[in-house]
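> Before I ask anything, here is the structure I am working with.
Residue numbers (this note's numbering), protein chains in the order written: chain G, 1 to 166; chain Y, 1 to 452.
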C-alpha cells in the first residue's frame, strides 16, 4: 500500500492549513503534485484514492481533477520527460525541427517512452518561454534556446545522472 | 532616449531578489505609506486616479474593479493574484516574479490592505515550478521583517500570502476558472453574474488581479495616482511590460511608457532590435495569441495612415477589421519566411487543447477548426474549407460562457481576413505548399489611404 512519509504528511498538513477551515479540498492540486513526485512520476488509481482519503474527498472528486489538468500523468512515464513546446512562438523559432531531432535521436514517437524507461517525449502547449524558444520542460525547470547540440548534451546529462544514482 | 521604468528599473541591481537589497533600494516604502498614512479607501482612490488598467489582457480599470468588491459584515474578502500566465507570447509575469519577487509581494500587501484581504493567494501556473520557491522565500523574508503576519507595523492589519500552484490549464487564467481551481476543482468557468466581487472564492467577495497590475500599485502609491496617470497617453496610463518573441533579434521583456511607435519597438536597438538575417517583416500578433494578427502594412500604420503607437487605443484603432489589441502584451513577430496557415494551425491546436469542454461551440468548434487547418496546411484542403472556417469561428464567438471561445475564434478570423490569398494558395497548390512558403506577397506594401 502506498503512503506518504511522515515528513510529507507534515507537508500535506501545512498545505491544508493555507485554506480556511473545512476547505481542505483546495489543497487537492498541490497535494496531487506531491503525490506524483513521491509515487513514481504518475498518479495511479491507488495514489488518487489515497489522496482522496487524506483530504476526506470522494475518489471521483480527485479523478475529475487529475484528468482535467495536463501536468498530472495518468500512466507511467520515463524517468526524464522531455515536454517540448510546439505552440506558435516556439514553432516560429524551429520547435518542429527540435521535436523531429529528439524523435530520431531517441527513436521514439510523441507520447512514447524509450525501452530502457529513461526518456518520454511529450509535446505541450505554450509554457511561457516564448522569448527563449525553442524550449522544453524537464522536471522542475525549463531548458531554453534549444539546438540539436543542446539536446544531445541534455540527453547525456540525464544518462550521467542515472548512472550516478544507480 | 530611454522610456520611463517604474517596475523594472531595479531589475538589474545585483541581489535585488533578496530582501536586504530590495529594501535598501527603497522597497516596502509603499506599505509604510499606505498602512500608516492612508485608509483602505484612500488607497483604492489613488489606484482609480492612476487610470491603471488590468495588465492581464482585458484592460479593465483596476480601481473600478476594486470598488465593486462587496463588503458584507463578518464575511472574509479575498485578493487573488493571477499568475497563471499562459497566453502564447506572454512571459512578462514570469520575469517579474523571478527577478523582482519582492515587488509583487509589496504590491500584494498594499492591495490586500485596500481590499481587506487577510489571506491573499498567488495562483501560479504549474509549469512555472521553480518560481513558488522564489516567492515563498520572499514571503518568508517579508514576514521576518514585519511586513506580513499579525498587526503589521502596529496598525492592526493582519495579512498572510500563500502560493497556490496550478497544474497545467490555460483556462485557469480566466478569473472564475481560477477560482474553481483554487477551490480544488476542474477549471470550468462560472456563469456571471454573480461576479467574483460578490461571490468568488469559497463564495466570498473576491478580487482577482494580474501580477503586473498588482506590482504597478507600488509606484502608484509611492508617487501618487495623479503622477502615474501623467505617464503615457490618453487612457493608456503608466508603463506596460511587453514580452517580445518570434523573429526578432532581441526577444525579451521590455517596459515601455505607451508613447512609442510599433515601428520603433520592433526596429530600434533599445527594444526588439529588428528582424534577424536581414529578413523583412510579414506580420505581427501584438498582444498575445488571442488578438488579431496584422500584416506589416496595417501594423505600422493605421488604416487612416497614422503611425501606430504601442498603446491600448492605437493598437485597437480600426476595430477588428483593421486593428488589433494590446491584450496581455505578448508581442509575436513573423518574418517573411513564416507561414500564416501553419501559425494559425498551432494556435487552433492550442485552443482545442485548452478548451475546458463545458460549452459545445468551443469544445466542438476548436477541434473542427484545427482539423480543417491541418488539412489546408498539409495539402488536403478544399476551397470551401476557407468559408467553412470563417463560419465556424463566427459561431463560436460570443456563444460561450467565458472568453476562451472568442480567443479561439479571433486568430482564425484575422488570419483569413488579412491573409486569405495565402490560404487560397495553399488549397490551389497542395504540392508546392509542402515545399515552400507563400512568402511576403503584398503584406508589407504601403496602404492606399482613401481621404475621408
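For glycine and all other residues, C-beta sits at the position ideal for the given N, C-alpha and C. Predicted model only: the values in this text are computed from it and were never measured.
To the nearest whole angstrom, what separates the beta carbons of residue 415 of chain Y and residue 282 of chain Y, a pair I think is in contact under 8 Å?
Separation of the CB atoms of residue 415 of chain Y and residue 282 of chain Y is rounded to 12 Å, and the pair is thereby denied contact status at 8 Å.
> Quick one, which of Y:47, Y:169 and Y:151 has its alpha-carbon nearest residue 83 of chain Y's?
Y:169
> Go ahead and pull the three-state DSSP assignment for residue 17 of chain G.
coil
> In chain order, what residues of the same chain have a beta carbon less than 7 Å from the beta carbon of residue 16 of chain G, not counting five sequence neighbours either side?
24 and 27
> For residue 449 of chain Y, which three-state DSSP category applies?
coil
> Which ranges does the alpha helix (DSSP H) cover as unbroken runs of at least 4 residues, wholly within the stretch 383-408 of chain Y, from first to last along the chain?
383-396
> So which residues of chain Y does residue 18 of chain G contact, with C-beta pairs closer than 9 Å?
119, 121, 160, 162, 163 and 164
> Helix, strand or coil for residue 2 of chain Y, going by three-state DSSP, please let me know.
Bear in mind that the predicted position of residue 2 of chain Y carries a pLDDT of just 49, short of 50, making it unreliable; the figure below should be weighed with that in mind. Coil at residue 2 of chain Y, not helix or strand.
> What beta strand (DSSP E) runs, 3 residues minimum, are completely inside the stretch 38-124 of chain G?
80-85 and 119-124
> Helix or strand or just coil, what does DSSP make of residue 358 of chain Y?
coil
> Does the stretch 85-95 of chain G touch the stretch 130-141 of chain G, meaning 3 or more C-beta pairs lie closer than 8 Å?
yes
> At a Cβ cut of 7 Å, what residues of the stretch 60-72 of chain Y count as close to chain G, listed as they run along the chain?
none
> Against residue 137 of chain G, what residues of chain Y qualify as contacts under a CB-to-CB distance less than 9 Å, listed in chain order?
127 and 129
> Whole-angstrom Cβ separation of residue 52 of chain Y and residue 238 of chain Y, contact assumed at under 8 Å?
6 Å
> Check whether the stretch 344-362 of chain Y and the stretch 397-407 of chain Y touch, using three or more Cβ-Cβ pairs below 8 Å as the test.
yes
> Any C-beta of chain Y within less than 7 Å: which residues of the stretch 65-81 of chain G qualify?
65, 68, 69, 70, 71 and 72
> Ordered along the chain, which non-local residues of its own chain (more than five positions away) have a Cβ less than 6 Å from that of residue 130 of chain G?
89
> Counting only the same chain and skipping the five closest in sequence on each side, list residues whose C-beta sits under 6 Å from that of residue 5 of chain Y.
255
> Counting only Cβ-Cβ distances shorter than 9 Å, please list the residues of the stretch 321-338 of chain Y near chain G, keeping chain order.
330, 332, 333, 334, 335 and 338
> Of all the options Y:288, Y:442, Y:252 and Y:317, which has the alpha carbon lying nearest to the alpha carbon of residue 96 of chain Y?
Y:252
> In three-state DSSP terms, what is residue 420 of chain Y?
In the structure shown, residue 420 of chain Y sits in a helix (DSSP, three-state: H, G or I).
> Just list the residues that DSSP pairs residue 152 of chain Y with in beta bridges.
Y:157
> List the residues of chain Y that residue 53 of chain G touches, going by C-beta distances under 8 Å, in chain order.
Within chain Y, no residue comes near residue 53 of chain G; the closest Cβ sits about 15 Å away, beyond 8 Å.
> Please name the residues in the stretch 26-46 of chain G whose beta-carbon is closer than 8 Å to at least one beta-carbon of chain Y, in chain order.
26, 27, 28, 29, 30, 32 and 33
> Counting only the same chain and skipping the five closest in sequence on each side, list residues whose C-beta sits under 7 Å from that of residue 161 of chain Y.
105, 108, 120, 122, 139 and 148
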